Amino acid sequence: SEGVDFDHHLGRAVLMFGIPYVYTQSRILKARLEYLRDQFQIRENDFLTFDAMRHAAQCIGRVLRGKTDYGIMVLADKRFGRQDKRGKLPKWIQEHLKDSMINLSTEEAVQISRKWLRLMAQPFTREDQLGVSLLTMEQLETKEMQEKIQQKVQQG
38 SEGVDFDHHL GRAVLMFGIP YVYTQSRILK ARLEYLRDQF QIRENDFLTF
88 DAMRHAAQCI GRVLRGKTDY GIMVLADKRF GRQDKRGKLP KWIQEHLKDS
138 MINLSTEEAV QISRKWLRLM AQPFTREDQL GVSLLTMEQL ETKEMQEKIQ
188 QKVQQG
């Protein structure tokens, strides 16, 4: 998926088969792993899993290119259902990984995807999205939203 950009209707689904672990016999990688272990006490498996999940997130993130874009991400490997893998995916992906959508059969996944894509393919205007996926000016100016924004800036 490196360097490929599928805007809007050109990419509505990404299927991830397997977990993209790097080739571990590389001399450069072995030296890096040894350095991380010696200098920072980072275990080899922890780094390799983190790196694989970072690559997976980059790949599946190709389907969403903006706030008004939509797409389906299929993680076709049971290992993505394990907490040690899921927990290393970015928060925006974790928030949408529902337990009810894990370990589906192919037929179930296709049926759910068809229904969802039909719903999402309905025409909408920018105004239809205000307050749903885009915030209105009034929503941004509320005290609650201002507090949330301040918290994010301070965490930042």
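Quick note: the sequence shown uses the numbering used here, first residue 38, plus one each step. For each residue, glycine too, the CB sits at the ideal point set by N, CA and C. Model, not experiment: these values are computed from the prediction.
Practice task
Could you round the C-beta distance between residue 154 and residue 49 to whole angstroms and report it? I think they count as a contact, below 8 Å.
Solution key: 7 Å
Problem - Collapsed DSSP secondary structure at residue 52 in the structure displayed - result: strand
Practice task
Please confirm if the stretch 92-109 is in contact with the stretch 51-58, defined as three or more CB-CB distances below 8 Å between the two stretches.
Solution key: yes
Handout entry: Contacts around residue 60, its chain only, beta-carbon distance under 8 Å, and the 5 residues preceding and following it disregarded
Key = 66
Exercise for the section: Quickly, what does DSSP pair residue 111 with across the bridge? List them, please. Expected result: 52
Exercise for the section: Assign residue 161 to one of three DSSP states: helix, strand, or coil. Expected result: coil
Practice task
Would you mind giving the Cβ-Cβ distance between residue 139 and residue 118, rounded to the nearest angstrom? I have them listed as a contact below 8 Å.
Solution key: 5 Å
Exercise for the section: Flag this pair as yes or no: are the beta carbons of residue 108 and residue 130 separated by less than 9 Å? Expected result: no
Handout entry: Nearest candidate by alpha-carbon position, reference residue 104, set 180, 75 and 172
Key = 172
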